[in-house]
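Enquirer: The structure is given below, and queries will be raised subsequently.
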Amino acid sequence: MARKYILICFAVFLSFFLSDMAFAGSTATSGTTAQPFIDRIRYDLNEITAIGGNTGYWKDPALIFWIDEAVDEIASRTRVLESGASNIIVIADTRSYSITGTFLDVEKAEYDIGVSGVTTKTSQIYDLDRVPFAKLRLGHEKEKGYPKAFSVWDNTLYIWPIPRDDPSGKSGVTMSGNTIYVYNISFPSGVTNSSSAIETPRYFDTAIRFYVIGKALAINPVTST
């Protein structure tokens with residue numbers, strides 16, 4: 001009986017999990033803390049008398065740990081914790097720029113050419129192609145011009161070609177002061193106690209609950225008979 005229930009829990013978790021791996025949906029969070037999850041999980045585990053306390057067979061620290069584990073796994077695999085764009089100001093002859101804050105990955109980078117009144121033939125903002133760091137400047141190490149590609153290494157954004165200022169030259173362009181918009185995927189802050197917020201979108205709530213139930217029964221299946 002315990003094994004069957006565990007398999008059902010993980011199957012439900014997986015079905016919710018895989019359905020949103022390709023594209024993130026709403027970023028509206030669960031809107032609650034870990035405590036309501038703990039209470040509902042105890043109800044599902046037939047520990048109703050332990051709701052609101054820490055007297056059950058499965059102690060709160062263990063349930064909190066598994067909730068945190070589920071949130072972290074969902075955030076890492078679905079990349080659903082999107083942050084707003086951060087701005088990096090371009091400096092001529094500079095190819096590397098520090099990325100501030102803690103982040104899982106860079107989802108996208110855009111370059112703003114900084115020209116007002118552009119036509120449909122010249123977009124003001126365009127995407128930079130992401131390439132592996134080892135191939136970012138392969139064979140074109142010293143090329144300068146409008147950035148076309150980027151790579152991330154050691155919390156640093158590298159762009160190529162290298163921006164330049166040539167206001168009086170053939171190109172007549174000045175790139176200093178232009179903007180790169182960086183879109184990061186964030187790490188969850190972590191579920192460390194019953195008051196911690198659940199940061200993943202609310203459509204993952206059921207998946208988190210079933211994940212914790214499955215973990216609880218897999219490790220201590222005493223109340224499942």
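In this text, residue positions in the sequence shown follow full-length UniProt numbering: the first is 1, and each later residue adds one.
Backbone N, C-alpha and C fix where the C-beta goes; we use that ideal spot for every residue, glycine too.
1. Could you tell me which residues DSSP puts in a beta bridge with Phe-103?
2. Taking only runs of the alpha helix (DSSP H) that begin and end inside the stretch 47 to 84, which ones reach a length of at least 4 residues, in chain order?
3. Report the CB separation of Pro-188 from Asp-72 in whole angstroms; it is logged as a contact under 8 angstroms.
4. Have a look at the DSSP bridge pairing and note the partners of Ala-149.
5. Could you tell me the boundaries of the beta strand (DSSP E) in which Tyr-211 lies?
6. My understanding is that Ala-34 touches Val-191, with C-beta atoms under 8 angstroms, so please give their C-beta distance in whole angstroms.
7. Compute the beta-carbon to beta-carbon distance between Glu-110 and Leu-128, rounded to the nearest angstrom, for a pair I have assumed lies under 8 angstroms.
8. Just mark Arg-137 as buried or exposed, buried being the case when its beta carbon has 16 or more other beta carbons within 10 Å.
9. Excluding five sequence neighbours on each side, which residues of the same chain lie with their C-beta closer than 8 angstroms to the C-beta of Trp-66?
10. Whole angstroms are fine: how far does the CA of Asn-87 sit from the CA of Pro-61?
11. How far does the beta strand (DSSP E) with Ile-88 in it extend, from its first residue to its last?
12. With DSSP as the reference, label Ala-92 as helix, strand or coil.
13. Count the other C-beta atoms from every protein chain shown that fall within 10 angstroms of the C-beta of Thr-94, then say buried if there are 16 or more, exposed otherwise.
14. Within 10 Å of its beta-carbon, does Pro-132 have 16 or more other beta-carbons around it, so buried, or fewer, so exposed?
15. What number of angstroms, rounded off, separates the C-alpha of Gly-31 from the C-alpha of Ser-186?
16. Between the C-alpha atoms of Asp-166 and Ile-125, what's the straight-line distance to the nearest angstrom?
Expert: The answer reads as follows:
1. The count along the sequence shown starts at 1 and reaches residue 103 at position 103. DSSP output for Phe-103 lists no bridge partner at all.
2. With a minimum length of 4 residues, the continuous alpha helix (DSSP H) runs that stay inside the stretch 47 to 84 are 60 to 78.
3. Counting from one through the sequence shown, the residue named residue 188 turns up at place 188. Counting from one through the sequence shown, the residue named residue 72 turns up at place 72. By a beta-carbon distance limit of 8 angstroms, Pro-188 contacts Asp-72. Their separation comes to about 6 angstroms.
4. The residue you call residue 149 lines up with position 149 of the sequence shown. Beta-bridge analysis with DSSP links Ala-149 to Asp-129, Trp-160.
5. Taking the sequence shown and counting its residues from 1, one reaches residue 211 at position 211. No beta strand (DSSP E) holds Tyr-211; the alpha helix (DSSP H) holding it covers 205 to 219.
6. What you label residue 34 is simply residue 34 of the sequence shown in a count that begins at 1. What you label residue 191 is simply residue 191 of the sequence shown in a count that begins at 1. Contact flag correct, Cβ pair sits at about 5 angstroms.
7. For the purposes of this step, residue 110 is taken as the residue at position 110 of the sequence shown. For the purposes of this step, residue 128 is taken as the residue at position 128 of the sequence shown. With a Cβ gap of about 7 angstroms, Glu-110 and Leu-128 count as contacting.
8. For the purposes of this step, residue 137 is taken as the residue at position 137 of the sequence shown. With 16 or more Cβ atoms within 10 Å of its Cβ, Arg-137 is classed as buried.
9. Taking the first residue of the sequence shown as 1, we reach residue 66 at position 66. Non-local beta-carbon contacts of Trp-66 in its own chain, meaning distances under 8 angstroms to residues more than five positions away in sequence, involve Tyr-211, Val-212, Lys-215, Ala-216 in chain order.
10. Position 61 of the sequence shown holds residue 61. Position 87 of the sequence shown holds residue 87. Taking the straight line from one Cα to the other gives about 39 angstroms.
11. Here residue 88 refers to the residue found at position 88 when the sequence shown is read from its first residue. Residues 86 to 89.
12. Position 92 of the sequence shown, counting from 1, holds the residue named residue 92. DSSP places Ala-92 in coil when its eight states are reduced to three.
13. Locating residue 94 in the sequence shown gives position 94, counting from the first residue. Sixteen is the threshold: since fewer than 16 other Cβ atoms of the shown chains lie within 10 Å of the Cβ of Thr-94, the residue is exposed.
14. Taking the first residue of the sequence shown as 1, we reach residue 132 at position 132. Pro-132 is exposed by the Cβ-count criterion.
15. Your numbering for residue 31 matches position 31 in the sequence shown. Your numbering for residue 186 matches position 186 in the sequence shown. Gly-31 and Ser-186 have their C-alpha atoms some 18 angstroms from each other.
16. Within the sequence shown, residue 166 is the residue found at index 166, counting from 1. Within the sequence shown, residue 125 is the residue found at index 125, counting from 1. The straight-line gap from Cα to Cα measures roughly 20 angstroms.
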